[in-house]
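Student: Be aware that the sequence shown starts at 2, since it is given in the numbering used here, and climbs by one per residue. Using N, Cα and C, we set each Cβ at its ideal position, and we do this for glycine too. As the structure is a prediction and not an experimental result, all values here were calculated from the model.
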Amino acid sequence: MPRVDAGTSIIYERLRYPGIPHRSEVANILHDIDKDSEDYAYQISSLESQLAFLRSQRERLQHRRTTLSSLLSPIHYLPNEILLKIFLLACCENDLGIETPPALGISAVCFRWRELADSCADLWSSFSL
Numbered sequence: 002m003p004r005v006d007a008g009t010s011i012i013y014e015r016l017r018y019p020g021i022p023h024r025s026e027v028a029n030i031l032h033d034i035d036k037d038s039e040d041y042a043y044q045i046s047s048l049e050s051q052l053a054f055l056r057s058q059r060e061r062l063q064h065r066r067t068t069l070s071s072l073l074s075p076i077h078y079l080p081n082e083i084l085l086k087i088f089l090l091a092c093c094e095n096d097l098g099i100e101t102p103p104a105l106g107i108s109a110v111c112f113r114w115r116e117l118a119d120s121c122a123d124l125w126s127s128f129s130l
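(1) Mark L73 as exposed unless 16 or more other C-beta atoms lie within 10 angstroms of its C-beta, in which case mark it buried.
(2) Below 6 Å CB to CB, which residues in the same chain sit around V110 once its five sequence neighbours on both sides are set aside?
(3) Have a look at C121, A28 and V27 and flag the residue whose alpha-carbon is nearest the alpha-carbon of L85.
(4) Please report how far the alpha carbon of S25 lies from the alpha carbon of L62, in whole angstroms.
(5) Tell me whether P22 is buried or exposed, calling it buried when 16 or more other Cβ atoms sit within 10 Å of its Cβ.
(6) Give the straight-line distance between the Cα atoms of L105 and F112, rounded to the nearest whole angstrom.
(7) Considering Cα atoms alone, identify which of S71, W114, H64 and R65 is closest to F88.
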């Protein structure tokens, strides 16, 4: 609860007052204003920290959503047999002149692809160093 209402007319009354206000009264009001200002600064800082935390949480959640939504891509629903045929075409019948053997690249994509690549001897038979 603020000590001084920023819109209060008491300050304006003191400014228009024909007499001179007591120094202690003005000093007390100034002190209360300074304290209120410090309180607001603390509250602002706290809210900024909360806002930064919430933004980072939202960013993490969006990243998780993106990662999870990738599971809906059609490549995840291809049967292993078709995926292996694609791998064989890419590795054995491809003359692109790529320095890194395609079988290594394929086996580094994900766990499923590594398991499939490791299980297919034909994929590695054309492998040369």
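Tutor: A quick look at the data gives this:
(1) exposed
(2) none
(3) C121
(4) 55 Å
(5) exposed
(6) 13 Å
(7) W114
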